Amino acid sequence: MTDIDGNAVAAEIRAGVADCVETLQAEGVDPALATVLMSDDPASETYVSMKQNDCEEVGMRGIHVDVDDDAPAEELYDTVEELNADDEVHGILVQMPVVDQVDTRRVLRSVDPAKDVDGFHPENVGRLVAGNPRFKPCTPHGIQRLLASADVDPEGKEAVVVGRSDIVGKPMANLLFGRGEGGNATTTVCHSRTEDLASHTRRADIVVAAAGIPEFITADMVSEGATVIDVGINRVERDGESTLVGDVAYDEVREKASAITPVPGGVGPMTRAMLLYNTVTAASEQHGVEIELP
Ligand code: NAD
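In this text, residue positions in the sequence shown follow the numbering used here: the first is 216, and each later residue adds one.
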C-alpha cells in the first residue's frame with residue numbers, strides 16, 4: 216500500500232511555481248492573487264490566510280480584501296469589479312461560502328473569466344466540459360496530479376466519484392472521463408440519491424470520495440488494490456478532542472487499497488498549490504509571457 220504524500224507533491228509544484236514567478240518578474244510582470252472574504256466563518260478566514268501565506272512562500276504578491284459581512288451585497292460585487300479592472304491583479308478568488316445576502320451565482324459570474332483562478336465562472340465551466348479548460352478547478356486538478364505521482368493512469372480504468380458538487384464532484388468527473396493525460400477513465404458519478412452506493416464503489420479501480428461525510432467509505436465498499444482519493448475534510452470529536460477526518464475510514468481502507476491519500480496531508484495541500492499554479496498561468500496569459508509550468 217502506498218500513502219500518496221500530498222505535502223510532498225504540493226511542495227514540488229510550489230517550487231515550480233516559484234520559478235514561474237521569477238520568470239514573470241524578470242519580464243516585468245509581478246503575478247498577484249487577490250482573495251476576497253465576505254464571511255465571519257472562522258474556517259473561511261483560516262483558508263484565506265493560508266492562501267495568502269502560500270503566495271508569500273512562492274514570492275507571489277498576495278492581496279486580501281475583507282468585505283464586512285453586514286455590508287450590502289453590492290459592496291462585494293463592486294470589490295470584484297475593481298479587482299477585474301486592476302491590471303496588476305492576475306487572479307481573483309472569492310472565498311465560498313459567502314454571506315446570505317449575496318447571490319453566489321452572480322459573484323461567480325462577475326469575476327473576469329481570465330482572472331477566475333478557481334475555474335468557477337460559467338465560461339470556464341463550459342470550457343472544462345467542452346474539453347478545453349482555461350483553468351482546471353484546483354481540487355480535481357490536484358487530484359489528477361496526485362494520481363500521476365502514484366503512477367496511476369486513469370485511462371481505461373473504472374473511476375467512481377462520490378459527490379456531484381460544482382467544486383469537486385462534477386469537475387473531477389469531467390477531468391477523469393475527458394480526453395488527454397490523467398483522463399480517459401470510464402467514470403461514474405454517485406450522489407445522495409444513488410442506490411446501493413457500494414455496488415458502484417466496489418467496481419472501481421479509482422474511488423474519489425467527496426461526500427463530506429466522516430469516514431463514509433469503509434473497507435467493504437472498495438475492492439482489493441483500488442486507488443482511494445479522500446477529498447473530505449470533516450471536523451469531529453474524538454476522545455474529547457476535535458480532530459480532522461476524511462470521507463474514508465482510512466485505517467481499514469488502507470489495508471485493501473494499493474494507494475490512498477491521508478487526511479490531512481493528501482488532497483488539501485494540492486488544492487492550495489494548484490491555485491498558485493492557476494495564478495501564474497493567468498499572469499502568463501494576460502501578459503503573453505511564456506513560463507514553464509510544473
Ligand atoms: P458538498 O456538500 O457540496 O457535496 C457533497 C456531495 O456528496 C453532494 O453532491 C451529495 O450528492 C453527495 N452525497 C451526500 N450524501 C451522499 C451519500 N449518502 N451517498 C453518496 N453521495 C452523497 O461538498 P463538497 O464541497 O463537494 O465537499 C465534499 C467534501 O470535500 C467536504 O468534506 C469538503 O470539506 C471537502 N473539500 C475538501 C477540499 C480539499 O481541498 N481537500 C476541497 C473542497 C472540498
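In this text, a Cβ means the ideal position worked out from N, Cα and C, and glycines have one as well. This structure is a prediction, so every number in the text was calculated from the model and none was measured.
A direct Cα-to-Cα measurement between G461 and A472 gives close to 15 Å.
Under a 10 Å Cβ-count criterion, R349 is classified as buried, with 16 or more other Cβ atoms of the shown protein chains found around its own Cβ. Excluding residues up to 5 positions away in sequence, V273 and G274 lie with their Cβ nearer than 7 Å to the Cβ of A233 in the same chain.
When DSSP states are grouped into helix, strand and coil, G306 belongs to the strand group. If you ignore the 5 residues before and after G231, its C-beta comes within less than 6 Å of the C-beta of P509, all in its own chain and listed in chain order. Check the Cα spacing between V332 and each of D318, Q501, D454 and E467: the tightest is with Q501. In this structure, S254 is the residue among L308, E271, S254 and D301 with its C-alpha nearest to the C-alpha of A286. When only Cα atoms are considered, R324 and E338 end up about 8 Å apart. Counting every other CB atom within 10 Å of its CB across the protein chains shown gives R321 a total below 16, marking it as exposed. Rounded to whole angstroms, the separation of the alpha carbons of Y465 and G480 is 13 Å. Counting only runs of 3 or more residues that sit fully inside the segment 430-468, the beta strand (DSSP E) segments are 442-445, 449-453 and 456-460, in chain order.
The straight-line gap separating the alpha-carbon atoms of G397 and T458 is approximately 32 Å. Collapsing the DSSP output to three states places T401 in a strand.
For E296, the enclosing alpha helix (DSSP H) begins and ends at A288 to A300. In the structure shown, R276 adopts extended strand secondary structure according to DSSP, grouped into three states.
Non-local C-beta neighbours of N389 in its own chain, meaning closer than 7 Å and more than five positions away in sequence, comprise L343 and V344, ordered along the chain. For D256, the shortest C-beta to heavy atom distance toward the ligand NAD is 8 Å or greater. In the three-state scheme derived from DSSP, where H, G and I count as helix and E and B as strand, E373 is classed as strand.
In the same chain as V313, and ignoring 5 residues on each side of it, the C-beta atoms closer than 8 Å to its own belong to M253, S254, L291, T319 and V322, in chain order. One alpha carbon belongs to L298, the other to A247, and they sit about 11 Å apart. Looking at the backbone, the Cα of E456 and that of N449 are separated by about 13 Å.
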